[in-house]
Amino acid sequence: RMAAAPPSYCFVAFPPCSKEGLVVFGKNSARPRDEVQEVVYFAAAEHEPGSKVECTYIEVEQVPRTHAVVLSRPSWLWGAEMGANEHGVCVANEAVVTREPASESEALLGMDLVRLGLERGATAKEALDAIVALLEEHGQGGNYYEDGSSCHTFQSAFLIVDRNEAWILETSGKYWAAEKITEGVKCICNQLSLTTKIDAEHPELRNYVKSQGWWNGDSDFNFSEVFSLADDHLACCSGRESLEKQGGDVSAQAMIDVLRDKDSGVCVDSESFLTTASIVSVLPQDPSFPCIHYFTGTPDPSRSIFKPFIFVDDVKLVPKVQSPSFGNDDPAKKIPRFQEKPDRRHELYKAHEWARSLLENDQDKGQKLMRIMLDLEKQGLEAMEDILSRTEILDPAEVVDLFYDCVDTELKFFK
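Numbering-wise (the UniProt record's numbering), the sequence shown opens with residue 1 and increments by one.
Okay, structure coming up:
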């Protein structure tokens, strides 16, 4: 049996489940325990005709213009686990296992498609179209982990969200299906979830599964049943109930609480996997308000704090949550790959390791530190709520250093 996919969870809540006028998105990224995630910003850019972009394993044609993006990503690769762009589009992916073995030959990773979708789509639907076009042209494949001893490959599922709608996109090889969501709460995890409500699909999808003998064409076409291994497509989402219980009040704080919950399994802390980073985004349906994206940049959201980021021109870069760069000497870029593992820890990650050992070894001090940190987080959340309740337009100068200052303050507490 193929290796189990890491149990990440992604959520989206629309009115009437979320606070009035807000779409709330969240993801916990479950990855190998020792993997470092960094938070990186790339400004919008114009590109020469005919230029290429070097993804994790392969290069693809570049587009004339890419949108500004902020990403949370395993620092050895090009793509991202999750992120947002300047137009209020958020994308997260999940590794999934289907009845078709994922390809080991190097192509696009699901994580590359997250970044490509964000750079190319000004709406959720545009991001979806960009992802499936790239999938058709280049396919998906290659090692999901920085591991020189064995190749771990998966198919991909995506949650793609903007201020108006969300799309759940599930793939197997180059074949795909997608469902559009505009209300209520949705969760995706490391299993297929699409059933018979399919709003867009690969034009050859049904012919292909018929030719494989997986569907006879007479019964209702159920994507998960057709593509899952045996009974792998059971309802997986333990966090959804907690969000639905909020009764029309899902806010950034409620999403953060769900992501921190270890008892439900949403916050993964197991022998092989850990929630290595988390994101929560608040997308006001009224476009005159800014979208707010909260990143931890550190493992285990129950011991991390969510720090706000808002897209403005000349936003201040935050080297303290960026991993060191090894350029062309990076073992991830040399063939054979991953022959050694460089130290990819960034400054905030190192400070967190110290805080984590404090929490484990000196409970009183550790809990006191955690209380101070949560208080800092609460101030950030309240300041953002204030921005979303104002009538006047936000002055970009007020938030150009926002994420930078939050990371800086967090580091000062660890000192």
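Beta carbons are placed, not taken as given, at the ideal position from N, Cα and C, and that holds for glycine.
Tell me the residue span of the beta strand (DSSP E) that contains residue 31.
Note, residue 31: beta strand (DSSP E), 22–32.
Do you know how far the Cα of residue 211 is from the Cα of residue 400?
Each residue's Cα considered, the two are about 55 Å apart.
With residue 59 and residue 190 assumed to form a contact (beta carbons below 8 Å), what rounded beta-carbon distance in angstroms separates them?
In fact, because the Cβ distance is near 29 Å, the residues do not count as touching under 8 Å.
Looking only at its chain, what residues have a beta carbon closer than 6 Å to the beta carbon of residue 4, apart from the 5 residues adjacent to it on each side?
Excluding residues up to 5 positions away in sequence, nothing lies with its Cβ nearer than 6 Å to the Cβ of residue 4 in the same chain.
To which residues of the same chain is residue 49 closer than 8 Å at the C-beta, ignoring the five residues directly before and after it?
Around residue 49: 64.
DSSP three-state call for residue 159: helix, strand or coil?
Annotated three-state conformation of residue 159 is strand, per DSSP.
With burial defined as no fewer than 16 other Cβ atoms inside 10 Å of the residue's Cβ, what is the status of residue 131: buried or exposed?
Burial of residue 131 is indicated by the presence of at least 16 other C-beta atoms within 10 angstroms of its C-beta.
Is DSSP giving residue 154 helix, strand or coil here?
Three-state result, residue 154: coil.
Which residues bound the alpha helix (DSSP H) around residue 207?
Boundaries of the alpha helix (DSSP H) around residue 207: 205–211.
So, do the segment 395–414 and the segment 303–318 have three or more beta carbon pairs nearer to each other than 8 Å?
Segments in contact, yes.
Find out if the Cβ-Cβ distance for the pair residue 407, residue 321 is shorter than 7 Å.
Using a Cβ distance threshold of 7 Å, residue 407 and residue 321 count as a contacting pair.
Span separating the alpha-carbon of residue 158 from that of residue 200
In a straight line, the C-alpha of residue 158 is about 14 Å away from that of residue 200.
According to DSSP, simplified to helix, strand and coil, what is residue 223?
DSSP places residue 223 in helix when its eight states are reduced to three.
Beta-carbon spacing of residue 239, residue 9 below 7 Å
With a cutoff of 7 Å on beta-carbon distance, residue 239 and residue 9 are scored as near each other.
For the putative contact between residue 70 and residue 83, defined by C-beta atoms under 8 Å, what is the C-beta separation to the nearest angstrom?
About 6 Å; that satisfies the 8 Å criterion.
How do the segment 28–38 and the segment 107–118 stand: do at least 3 beta-carbon pairs fall below 8 Å, yes or no?
At 8 Å Cβ cutoff, the stretches do not touch.
Quickly, what does DSSP pair residue 170 with across the bridge? List them, please.
Looking at the DSSP assignment, residue 170 forms a beta bridge with 157, 177.
If you check the beta carbons only, do residue 124 and residue 165 fall under 7 Å apart?
The Cβ atoms of residue 124 and residue 165 lie closer than 7 Å to each other.
Backbone CA spacing between residue 333 and residue 177 [nearest angstrom]:
Cα to Cα, the separation comes out at about 32 Å.
Give the range of the alpha helix (DSSP H) segment to which residue 349 is assigned.
Taken as a continuous stretch (DSSP letters only), the alpha helix (DSSP H) holding residue 349 covers 347–361.
Tell me whether residue 318 counts as near the ligand ZN, meaning its Cβ is closer than 6 Å to at least one heavy atom of that ligand.
In the structure shown, the ligand ZN is absent, as is every other ligand, since no ligand is present at all.
By DSSP's criteria, residue 85 is part of a beta bridge. Which residues make up the other side?
In the DSSP output, where bridge partners are listed per residue, residue 85 has 69.
Just to confirm the assignment, what range does the alpha helix (DSSP H) spanning residue 254 have?
Segment 252–259, the alpha helix (DSSP H) holding residue 254.
Just the C-alpha distance for residue 105 and residue 145, rounded to the nearest angstrom, thanks.
Spanning the two alpha carbons is a distance of roughly 14 Å.
Of all the options 185, 276, 224, which has the alpha carbon lying nearest to the alpha carbon of residue 260?
Considering only alpha carbons, the answer is 276.
Out of curiosity, what's the CA-to-CA distance linking residue 1 and residue 143?
Confidence is the limiting factor: at residue 1 the pLDDT is only 37, short of 50, which leaves the residue's position unreliable and the question unanswerable from this model.
Is the number of C-beta pairs between the segment 343–362 and the segment 293–300 that are closer than 8 Å three or more?
With a cut-off of 8 Å, the segment 293–300 and the segment 343–362 count as touching, because enough Cβ pairs lie within range.
Give me the residue from 173, 292, 395, 278 with the minimum Cα distance to residue 39.
Taking residue 39 as reference, the option from 173, 292, 395, 278 with the minimal CA-CA separation is 278.
Distance, residue 97 Cα to residue 225 Cα:
Across the structure, residue 225 and residue 97 are spaced so that their CA atoms are roughly 13 Å apart.
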